[in-house]
Amino acid sequence: MLRRTDETDQAVAAPVRITALDRARTFITLLVLLHHSVVNYTHFGSGDRMRWLGFDLVVLFNDSFFMACMFFISGLFVHDSLARRGSANFLGHRAFRLGVPFLISIFVLMPTAYYPTFLRYHLPGTTDFNFFHFWWHTLTIGPWPSGPAWFLWVLLALDGFAAAIWFMAPRAIATLGRPIHALRYRPAVAFVAFLIFSIVIYLPMHLMFGDASWLEPGGYPLPIQTSRMLLYGGYFLLGVGVGAANLREGLLAQNSELASRWKVWLGFALLFYGAILLLVYAHHNWVADFNSPPLSWRTAYGAAFAMFSAAMTFAVPGFYLRFAKSSLRLLDALRPSAYGLYLVHYVFIIWLQYAVYDPPLPAFAKFAIVFAGTLSLSWALIVLLRRIPFVARMI
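Going left to right, the sequence shown walks through residues 14 to 408 as the numbering used here numbers them.
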(Lines of atoms letter the chains of each structure in order from A; the text may use other names.)
(Lines give C-alpha, C1' and ligand atoms only; values in the text may rest on other atoms or scores of the structure.)
Protein backbone atom coordinates (compact mmCIF):
# COMPACT_ATOMS: atom_id res chain seq x y z
CA MET A 14 0.00 0.00 0.00
CA LEU A 15 1.41 3.40 -1.00
CA ARG A 16 1.02 6.68 0.83
CA ARG A 17 2.14 10.16 -0.22
CA THR A 18 3.80 12.23 2.47
CA ASP A 19 3.20 15.90 3.18
CA GLU A 20 6.83 16.98 3.03
CA THR A 21 8.08 15.22 -0.10
CA ASP A 22 6.68 14.15 -3.43
CA GLN A 23 7.84 10.60 -2.93
CA ALA A 24 5.31 7.80 -2.55
CA VAL A 25 6.38 5.39 0.12
CA ALA A 26 5.24 1.96 1.20
CA ALA A 27 3.49 1.35 4.49
CA PRO A 28 5.80 -0.19 7.12
CA VAL A 29 6.52 -3.89 6.87
CA ARG A 30 8.17 -5.81 9.67
CA ILE A 31 11.56 -7.36 8.90
CA THR A 32 11.64 -10.49 11.01
CA ALA A 33 15.43 -10.82 11.10
CA LEU A 34 15.98 -7.31 12.42
CA ASP A 35 13.17 -7.71 14.94
CA ARG A 36 14.87 -10.87 16.16
CA ALA A 37 18.20 -9.06 16.42
CA ARG A 38 16.60 -6.35 18.54
CA THR A 39 14.91 -8.95 20.75
CA PHE A 40 18.22 -10.77 21.15
CA ILE A 41 19.90 -7.57 22.35
CA THR A 42 17.05 -7.07 24.82
CA LEU A 43 17.68 -10.55 26.22
CA LEU A 44 21.36 -9.68 26.54
CA VAL A 45 20.34 -6.62 28.59
CA LEU A 46 18.35 -8.87 30.95
CA LEU A 47 21.28 -11.28 31.13
CA HIS A 48 23.74 -8.44 31.76
CA HIS A 49 21.75 -6.96 34.63
CA SER A 50 21.09 -10.42 36.10
CA VAL A 51 24.79 -11.32 36.37
CA VAL A 52 26.44 -7.98 37.16
CA ASN A 53 25.61 -8.26 40.87
CA TYR A 54 27.66 -11.47 41.03
CA THR A 55 30.84 -10.11 39.46
CA HIS A 56 34.00 -8.73 41.01
CA PHE A 57 33.35 -5.61 38.95
CA GLY A 58 29.84 -5.17 40.34
CA SER A 59 30.84 -5.61 44.01
CA GLY A 60 27.24 -6.32 44.97
CA ASP A 61 26.49 -9.76 46.35
CA ARG A 62 29.22 -11.54 48.32
CA MET A 63 28.85 -14.56 46.02
CA ARG A 64 30.74 -14.01 42.78
CA TRP A 65 31.99 -15.91 39.75
CA LEU A 66 34.72 -14.78 37.37
CA GLY A 67 32.81 -16.15 34.38
CA PHE A 68 30.14 -13.51 34.93
CA ASP A 69 32.80 -10.80 34.64
CA LEU A 70 33.55 -12.12 31.15
CA VAL A 71 29.86 -11.99 30.25
CA VAL A 72 29.56 -8.39 31.47
CA LEU A 73 32.70 -7.33 29.61
CA PHE A 74 31.45 -9.00 26.42
CA ASN A 75 28.02 -7.39 26.56
CA ASP A 76 29.10 -3.95 27.69
CA SER A 77 31.61 -3.69 24.86
CA PHE A 78 29.00 -3.76 22.10
CA PHE A 79 25.33 -4.29 22.89
CA MET A 80 24.04 -0.74 23.38
CA ALA A 81 25.98 0.59 20.38
CA CYS A 82 24.44 -2.20 18.32
CA MET A 83 20.99 -1.28 19.66
CA PHE A 84 21.43 2.32 18.53
CA PHE A 85 22.48 1.10 15.08
CA ILE A 86 19.42 -1.14 14.76
CA SER A 87 17.15 1.68 16.01
CA GLY A 88 18.48 3.97 13.30
CA LEU A 89 17.64 1.55 10.50
CA PHE A 90 13.94 2.42 10.51
CA VAL A 91 14.17 6.19 10.90
CA HIS A 92 14.26 7.15 7.21
CA ASP A 93 11.14 5.19 6.27
CA SER A 94 9.28 6.50 9.31
CA LEU A 95 10.21 10.09 8.45
CA ALA A 96 9.13 9.56 4.85
CA ARG A 97 5.75 8.20 5.97
CA ARG A 98 5.01 10.66 8.73
CA GLY A 99 6.95 13.83 8.10
CA SER A 100 9.24 15.34 10.71
CA ALA A 101 6.60 16.74 13.10
CA ASN A 102 4.42 13.63 13.19
CA PHE A 103 7.49 11.41 13.44
CA LEU A 104 8.79 13.34 16.44
CA GLY A 105 5.37 13.27 18.12
CA HIS A 106 5.14 9.53 17.61
CA ARG A 107 8.62 8.98 19.01
CA ALA A 108 7.84 11.22 21.99
CA PHE A 109 4.81 9.02 22.68
CA ARG A 110 6.74 5.76 22.38
CA LEU A 111 9.97 6.90 24.05
CA GLY A 112 9.26 10.05 26.06
CA VAL A 113 6.19 8.82 27.94
CA PRO A 114 7.83 5.49 28.96
CA PHE A 115 10.93 7.42 29.99
CA LEU A 116 8.90 9.65 32.31
CA ILE A 117 7.09 6.63 33.76
CA SER A 118 10.47 4.96 34.26
CA ILE A 119 12.18 7.80 36.13
CA PHE A 120 9.16 8.76 38.24
CA VAL A 121 7.75 5.30 39.04
CA LEU A 122 9.75 2.30 37.88
CA MET A 123 13.27 3.32 38.88
CA PRO A 124 12.42 4.52 42.41
CA THR A 125 10.54 1.23 42.87
CA ALA A 126 13.52 -0.70 41.52
CA TYR A 127 16.12 1.04 43.67
CA TYR A 128 14.19 0.90 46.94
CA PRO A 129 15.68 -2.53 47.87
CA THR A 130 19.15 -0.98 47.57
CA PHE A 131 18.09 1.59 50.16
CA LEU A 132 16.71 -1.16 52.40
CA ARG A 133 19.93 -3.17 52.13
CA TYR A 134 22.03 -0.32 53.53
CA HIS A 135 19.41 1.07 55.94
CA LEU A 136 18.26 -1.79 58.13
CA PRO A 137 14.89 -1.64 59.95
CA GLY A 138 15.03 0.70 62.93
CA THR A 139 17.89 2.79 61.53
CA THR A 140 15.66 5.15 59.52
CA ASP A 141 12.05 6.25 59.35
CA PHE A 142 12.05 6.27 55.55
CA ASN A 143 9.19 4.33 54.01
CA PHE A 144 8.88 4.01 50.24
CA PHE A 145 7.12 7.35 49.82
CA HIS A 146 9.80 9.14 51.84
CA PHE A 147 12.42 7.41 49.71
CA TRP A 148 10.59 8.39 46.51
CA TRP A 149 10.36 12.04 47.51
CA HIS A 150 13.99 12.12 48.67
CA THR A 151 15.05 10.64 45.32
CA LEU A 152 13.22 13.29 43.30
CA THR A 153 14.09 16.30 45.43
CA ILE A 154 17.55 15.60 46.87
CA GLY A 155 18.87 12.67 44.90
CA PRO A 156 20.60 10.78 43.60
CA TRP A 157 17.89 10.28 40.97
CA PRO A 158 18.98 7.35 38.78
CA SER A 159 17.42 6.57 35.42
CA GLY A 160 18.64 2.97 35.28
CA PRO A 161 18.28 1.38 31.83
CA ALA A 162 15.87 4.17 30.82
CA TRP A 163 18.88 6.34 29.86
CA PHE A 164 18.69 4.65 26.47
CA LEU A 165 15.21 6.10 25.88
CA TRP A 166 16.12 9.76 26.32
CA VAL A 167 19.29 9.43 24.26
CA LEU A 168 17.41 7.70 21.45
CA LEU A 169 14.67 10.34 21.57
CA ALA A 170 17.29 13.09 21.33
CA LEU A 171 18.87 11.37 18.33
CA ASP A 172 15.46 10.95 16.72
CA GLY A 173 14.92 14.68 17.23
CA PHE A 174 18.24 15.38 15.52
CA ALA A 175 17.24 13.18 12.57
CA ALA A 176 13.85 14.91 12.36
CA ALA A 177 15.57 18.32 12.31
CA ILE A 178 17.81 17.19 9.44
CA TRP A 179 14.79 15.89 7.54
CA PHE A 180 12.92 19.17 8.06
CA MET A 181 15.80 21.42 7.01
CA ALA A 182 17.36 19.24 4.30
CA PRO A 183 15.09 16.29 3.40
CA ARG A 184 17.52 14.89 0.84
CA ALA A 185 20.50 14.85 3.23
CA ILE A 186 19.61 11.47 4.72
CA ALA A 187 19.21 9.89 1.27
CA THR A 188 22.58 11.38 0.35
CA LEU A 189 24.11 9.76 3.43
CA GLY A 190 22.70 6.42 2.36
CA ARG A 191 24.05 6.38 -1.20
CA PRO A 192 27.72 5.55 -0.47
CA ILE A 193 26.60 2.94 2.07
CA HIS A 194 24.22 1.37 -0.45
CA ALA A 195 27.01 1.32 -3.03
CA LEU A 196 28.89 -1.13 -0.78
CA ARG A 197 26.09 -3.72 -0.74
CA TYR A 198 28.17 -6.11 -2.89
CA ARG A 199 31.43 -5.26 -1.14
CA PRO A 200 30.86 -6.28 2.49
CA ALA A 201 34.58 -6.61 3.26
CA VAL A 202 35.15 -2.97 2.27
CA ALA A 203 32.11 -1.94 4.31
CA PHE A 204 33.45 -3.90 7.29
CA VAL A 205 36.90 -2.29 7.17
CA ALA A 206 35.32 1.15 6.75
CA PHE A 207 33.11 0.48 9.76
CA LEU A 208 36.10 -0.59 11.86
CA ILE A 209 37.93 2.65 11.00
CA PHE A 210 34.80 4.72 11.60
CA SER A 211 34.31 3.12 15.03
CA ILE A 212 37.89 3.81 16.09
CA VAL A 213 37.73 7.43 14.92
CA ILE A 214 34.53 8.27 16.81
CA TYR A 215 35.35 6.33 19.98
CA LEU A 216 39.10 6.36 20.64
CA PRO A 217 39.61 10.14 21.18
CA MET A 218 36.68 10.28 23.63
CA HIS A 219 37.98 7.18 25.40
CA LEU A 220 41.42 8.74 25.81
CA MET A 221 39.99 12.04 27.07
CA PHE A 222 37.40 10.74 29.53
CA GLY A 223 37.99 7.05 30.18
CA ASP A 224 35.09 4.63 30.55
CA ALA A 225 34.11 5.47 34.13
CA SER A 226 32.90 9.01 33.40
CA TRP A 227 29.17 9.69 33.09
CA LEU A 228 27.71 13.02 32.03
CA GLU A 229 24.73 13.85 34.27
CA PRO A 230 23.62 17.43 33.53
CA GLY A 231 22.38 19.20 36.64
CA GLY A 232 22.01 15.94 38.56
CA TYR A 233 18.86 15.14 36.59
CA PRO A 234 18.20 11.57 35.39
CA LEU A 235 19.62 12.27 31.92
CA PRO A 236 22.93 10.41 32.06
CA ILE A 237 25.10 9.19 29.22
CA GLN A 238 28.52 7.58 29.34
CA THR A 239 30.81 10.42 28.30
CA SER A 240 33.28 8.39 26.24
CA ARG A 241 30.48 6.77 24.23
CA MET A 242 28.43 9.80 23.21
CA LEU A 243 29.89 9.94 19.71
CA LEU A 244 29.91 6.15 19.42
CA TYR A 245 26.18 5.90 20.09
CA GLY A 246 25.35 8.89 17.93
CA GLY A 247 27.59 7.69 15.11
CA TYR A 248 26.12 4.18 15.09
CA PHE A 249 22.61 5.59 15.10
CA LEU A 250 23.32 7.89 12.15
CA LEU A 251 25.04 5.08 10.30
CA GLY A 252 21.91 2.99 10.86
CA VAL A 253 19.84 5.85 9.48
CA GLY A 254 22.07 5.87 6.39
CA VAL A 255 21.77 2.11 5.89
CA GLY A 256 17.99 2.37 6.24
CA ALA A 257 17.79 5.24 3.75
CA ALA A 258 18.14 2.64 0.99
CA ASN A 259 15.71 -0.24 0.68
CA LEU A 260 16.48 -2.49 3.64
CA ARG A 261 15.31 -5.53 1.67
CA GLU A 262 17.76 -4.91 -1.16
CA GLY A 263 20.70 -3.05 0.41
CA LEU A 264 23.57 -3.91 2.69
CA LEU A 265 21.27 -5.72 5.12
CA ALA A 266 19.19 -7.62 2.59
CA GLN A 267 18.26 -11.14 3.65
CA ASN A 268 20.30 -12.70 0.83
CA SER A 269 23.14 -10.17 1.04
CA GLU A 270 26.80 -11.08 1.11
CA LEU A 271 27.01 -9.42 4.52
CA ALA A 272 24.51 -11.96 5.86
CA SER A 273 26.22 -14.91 4.19
CA ARG A 274 29.54 -13.98 5.84
CA TRP A 275 28.20 -13.70 9.38
CA LYS A 276 30.76 -16.31 10.55
CA VAL A 277 33.58 -14.08 9.30
CA TRP A 278 32.30 -11.07 11.27
CA LEU A 279 31.79 -13.24 14.37
CA GLY A 280 35.31 -14.63 13.99
CA PHE A 281 36.77 -11.13 13.91
CA ALA A 282 34.60 -10.18 16.89
CA LEU A 283 36.00 -13.07 18.94
CA LEU A 284 39.52 -12.10 17.88
CA PHE A 285 38.98 -8.52 19.06
CA TYR A 286 37.36 -9.76 22.27
CA GLY A 287 40.42 -11.91 22.87
CA ALA A 288 42.53 -8.77 22.48
CA ILE A 289 40.36 -7.02 25.08
CA LEU A 290 40.85 -9.93 27.50
CA LEU A 291 44.60 -9.90 26.93
CA LEU A 292 44.74 -6.18 27.62
CA VAL A 293 42.64 -6.59 30.78
CA TYR A 294 45.02 -9.33 31.95
CA ALA A 295 47.99 -7.08 31.24
CA HIS A 296 46.34 -4.26 33.14
CA HIS A 297 45.88 -6.42 36.22
CA ASN A 298 49.28 -8.08 36.15
CA TRP A 299 51.83 -5.96 34.30
CA VAL A 300 50.79 -2.32 34.71
CA ALA A 301 52.62 -0.75 37.65
CA ASP A 302 50.05 1.98 38.34
CA PHE A 303 46.69 0.22 38.12
CA ASN A 304 44.65 3.45 38.35
CA SER A 305 46.67 5.24 35.69
CA PRO A 306 47.65 2.87 32.85
CA PRO A 307 50.02 4.22 30.19
CA LEU A 308 48.78 5.89 27.02
CA SER A 309 49.86 2.90 24.92
CA TRP A 310 47.61 0.57 26.93
CA ARG A 311 44.64 2.93 26.84
CA THR A 312 45.03 3.40 23.09
CA ALA A 313 45.22 -0.34 22.44
CA TYR A 314 42.22 -1.02 24.67
CA GLY A 315 40.13 1.71 23.05
CA ALA A 316 40.94 0.45 19.56
CA ALA A 317 40.13 -3.16 20.49
CA PHE A 318 36.86 -2.06 22.11
CA ALA A 319 35.81 -0.08 19.01
CA MET A 320 36.67 -2.90 16.61
CA PHE A 321 34.86 -5.49 18.73
CA SER A 322 31.77 -3.27 18.82
CA ALA A 323 31.88 -2.86 15.04
CA ALA A 324 32.38 -6.57 14.36
CA MET A 325 29.48 -7.58 16.61
CA THR A 326 27.26 -4.96 14.97
CA PHE A 327 27.91 -6.76 11.69
CA ALA A 328 27.68 -10.27 13.18
CA VAL A 329 24.38 -10.00 15.06
CA PRO A 330 22.16 -8.68 12.22
CA GLY A 331 24.11 -10.85 9.77
CA PHE A 332 23.31 -14.01 11.74
CA TYR A 333 19.60 -13.29 11.98
CA LEU A 334 19.41 -12.27 8.31
CA ARG A 335 21.15 -15.50 7.30
CA PHE A 336 18.68 -17.60 9.29
CA ALA A 337 15.61 -15.46 8.71
CA LYS A 338 13.60 -18.44 7.46
CA SER A 339 14.57 -20.65 10.40
CA SER A 340 12.25 -21.25 13.33
CA LEU A 341 13.37 -19.42 16.47
CA ARG A 342 10.36 -19.90 18.69
CA LEU A 343 11.52 -18.18 21.86
CA LEU A 344 12.66 -15.00 20.08
CA ASP A 345 9.54 -14.92 17.92
CA ALA A 346 7.32 -15.34 20.98
CA LEU A 347 9.20 -12.57 22.81
CA ARG A 348 9.28 -10.10 19.91
CA PRO A 349 5.98 -8.29 20.64
CA SER A 350 6.97 -7.89 24.30
CA ALA A 351 10.67 -7.05 23.87
CA TYR A 352 10.33 -3.29 24.33
CA GLY A 353 8.16 -3.76 27.39
CA LEU A 354 10.66 -6.23 28.85
CA TYR A 355 13.37 -3.63 28.53
CA LEU A 356 11.22 -1.07 30.36
CA VAL A 357 10.13 -3.12 33.38
CA HIS A 358 12.80 -5.78 33.90
CA TYR A 359 14.99 -3.72 36.23
CA VAL A 360 12.31 -3.67 38.93
CA PHE A 361 12.22 -7.47 39.09
CA ILE A 362 16.02 -7.77 38.74
CA ILE A 363 16.82 -5.73 41.85
CA TRP A 364 13.98 -7.05 44.01
CA LEU A 365 14.94 -10.64 43.20
CA GLN A 366 18.62 -9.91 43.88
CA TYR A 367 17.53 -8.46 47.21
CA ALA A 368 15.46 -11.59 47.96
CA VAL A 369 18.35 -14.00 47.35
CA TYR A 370 21.06 -11.84 48.94
CA ASP A 371 21.15 -13.56 52.35
CA PRO A 372 20.72 -17.27 51.42
CA PRO A 373 24.18 -18.92 51.05
CA LEU A 374 23.57 -20.05 47.47
CA PRO A 375 26.27 -20.27 44.79
CA ALA A 376 26.53 -17.29 42.46
CA PHE A 377 25.18 -19.28 39.50
CA ALA A 378 22.13 -20.43 41.47
CA LYS A 379 21.36 -16.85 42.46
CA PHE A 380 21.78 -15.70 38.87
CA ALA A 381 19.49 -18.48 37.61
CA ILE A 382 16.75 -17.47 40.05
CA VAL A 383 17.10 -13.78 39.18
CA PHE A 384 17.21 -14.27 35.41
CA ALA A 385 14.41 -16.83 35.18
CA GLY A 386 12.23 -14.90 37.59
CA THR A 387 12.84 -11.59 35.86
CA LEU A 388 12.14 -12.96 32.39
CA SER A 389 8.97 -14.79 33.38
CA LEU A 390 7.52 -12.05 35.60
CA SER A 391 8.39 -9.23 33.18
CA TRP A 392 7.00 -11.14 30.23
CA ALA A 393 3.76 -11.98 32.05
CA LEU A 394 3.31 -8.35 33.11
CA ILE A 395 3.87 -7.01 29.59
CA VAL A 396 1.48 -9.53 28.05
CA LEU A 397 -1.19 -8.32 30.48
CA LEU A 398 -0.41 -4.64 29.94
CA ARG A 399 -0.52 -5.01 26.16
CA ARG A 400 -4.15 -6.06 26.42
CA ILE A 401 -4.85 -2.38 27.12
CA PRO A 402 -5.06 -0.73 23.66
CA PHE A 403 -3.39 2.52 24.78
CA VAL A 404 -0.45 0.65 26.29
CA ALA A 405 -0.18 -1.70 23.30
CA ARG A 406 0.20 1.30 20.99
CA MET A 407 3.02 2.60 23.19
CA ILE A 408 5.00 -0.58 23.81
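Where is the CB? At the ideal position from N, CA and C, for every residue including glycine.
Residue range 351-368 is occupied by the alpha helix (DSSP H) that includes GLN366.
Within its own chain, the residues whose Cβ lies closer than 6 angstroms to the Cβ of GLN366, once the five positions on either side in sequence are excluded, are ASN53 and VAL383, listed in chain order. The beta carbon of HIS49 lies closer than 6 angstroms to those of ILE362 in the same chain, with the five residues before and after it left out. Look at the beta carbons and you see the segment 255-275 touching the segment 79-96: at least three pairs across the two are nearer than 8 angstroms. Inter-residue distance for PHE115 and GLY287 is about 36 angstroms (C-alpha atoms, whole angstroms).
Comparing alpha-carbon positions, the option among LEU374, PRO373, ALA378 and VAL357 lying closest to LEU390 turns out to be VAL357. Boundaries for GLU229: no alpha helix (DSSP H) harbours it, and the DSSP string shows neither H nor E there.
Looking at the DSSP output, ILE237 shares a beta bridge with LEU228.
DSSP, read as helix, strand or coil, puts LYS379 in helix. Around the Cβ of ASP61, a 10 Å sphere holds 16 or more other Cβ atoms; the residue is buried. Buried is the label assigned to THR55, since at least 16 other Cβ atoms lie within 10 Å of its Cβ.
For the segment 263-294, the full-length alpha helix (DSSP H) segments reaching 4 residues or more read 270-273 along the chain. Listed in chain order, the non-local C-beta contacts of PHE210 below 8 angstroms within the same chain comprise GLY247, LEU251 and ALA323, local neighbours out to five positions each way being set aside. Annotation: THR55 is outside any alpha helix (DSSP H) and is labelled neither H nor E by DSSP. In the DSSP assignment, ASN102 falls within the unbroken alpha helix (DSSP H) covering 91-107.
The three-state reading of DSSP puts PRO402 in helix, counting H, G and I together. Taking 9 angstroms as the cut-off, the beta carbon of ALA282 is found no closer than this to the beta carbon of PHE336. Contact between the segment 338-351 and the segment 32-39 is present: three or more C-beta pairs spanning the two stretches fall below 8 angstroms. Distances from the CA of VAL71 to each of ILE178, SER94 and VAL45 were compared; the closest alpha carbon is that of VAL45.
In this structure, ARG274 sits near PRO200, with a CB-CB distance shorter than 9 angstroms. Sequence-distant partners of ILE289 (beyond 5 residues in either direction) whose C-beta falls short of 8 angstroms from its own C-beta, in its chain, are LEU73, SER77, TYR314, ALA317, PHE318 and PHE321. Within the segment 135-221, the alpha helix (DSSP H) runs of at least 4 residues that lie entirely inside it are, in chain order, 144-153, 163-181 and 184-194. Separation of the CB atoms of SER159 and PRO234 is rounded to 4 angstroms, and the pair is thereby assigned contact status at 8 angstroms. Around the beta carbon of ASN75, 16 or more other beta carbons sit within 10 angstroms, so the residue counts as buried.
When Cβ pairs closer than 8 angstroms are counted between the two stretches, the segment 174-187 is seen not to touch the segment 236-245, the count staying below three. Between LYS276 and ALA328, the alpha-carbon positions lie close to 7 angstroms from each other. Distance from GLY112 to LEU169 at the Cβ level is roughly 6 angstroms; contact confirmed, criterion being Cβ atoms closer than 8 angstroms. According to the DSSP assignment, VAL71 belongs to the alpha helix (DSSP H) that extends over 66-76. Boundaries of the alpha helix (DSSP H) harbouring MET80: 79-88, taken from the DSSP string. The Cβ atoms of TYR128 and PHE147 lie closer than 9 angstroms to each other. DSSP places GLY252 within a helical segment (H, G or I) once states are collapsed to three. Annotation: VAL91 to PHE303 spans about 43 angstroms, alpha carbon to alpha carbon. LEU343 sits away from LEU34, with the two beta carbons spaced by 9 angstroms or more. Cβ-Cβ distances below 7 angstroms link GLY386 to PHE361 and LEU365 in the same chain, with the five nearest sequence neighbours on each side left out; the list follows chain order.
Distance between ALA101 and LEU171, taken at the CA atoms: about 14 angstroms. Put simply, the backbone Cα of PRO307 is about 39 angstroms away from that of ALA272.
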